[in-house]
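Numbering (mature numbering (1 follows the signal peptide of the UniProt record, and there is no 0)), first residue to last: -29 to -1, 1 to 149.
Working notes, structure below.
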């Protein structure tokens, strides 16, 4: 049941991200000045403590590169074609689930590359990443500013669109406010 484990891990990752982001929104403003240096296996981050959601820079880069490499014509064929393409070009990728807080962002990119997300969402994410300057710039910006709703609101523009698509906030906005 490798697929079930992947789905379970992905759901846990998305829930952790959603809970973390909701905590950021309600965080005490007095603590915003408190800065802590945090490290993961790839990069050291200096961001406000309540703005920090741990992630592995290399895993995020790999996941976003995978999404960007899916040909548009495959995406337009729908989820089964996307899954087949990923399985052919990245054998085992959809089934290497990890269950940890560090893999939350990676789980989101895996969800986007799996059958759980509509092809239109992948197209929107690809366009947002291109508009933000590509995968390298997106990962660099997230690494520099943290991966939080507050940080992305401050950055605005194309970077905010990428984060909105990754986290699902864009769908919430479209469904509730448009």
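Even glycine gets a Cβ: it sits at the ideal position worked out from N, Cα and C.
Everything numeric in this text was worked out from a predicted model, so none of it was measured.
Query: Terminal residues of the alpha helix (DSSP H) in which residue 29 lies; Result: 28 to 40
Query: Residue 63 versus residue 51: straight-line alpha-carbon distance, rounded; Result: 16 Å
Query: Straight-line Cα distance separating residue 109 from residue 29; Result: 12 Å
Query: CA nearest to the CA of residue 43, picked from 35, 90 and 31; Result: 90
Query: Residue 99 burial status per 10 Å Cβ neighbour count (16 or more: buried); Result: buried
Query: Among 114, 128 and 131, the one whose alpha carbon lies nearest that of residue 32; Result: 114
Query: Residues near residue 94 in its chain [Cβ-Cβ closer than 6 Å; skip 5 each side]; Result: 46
Query: Backbone secondary structure at residue 129 - three-state DSSP; Result: helix
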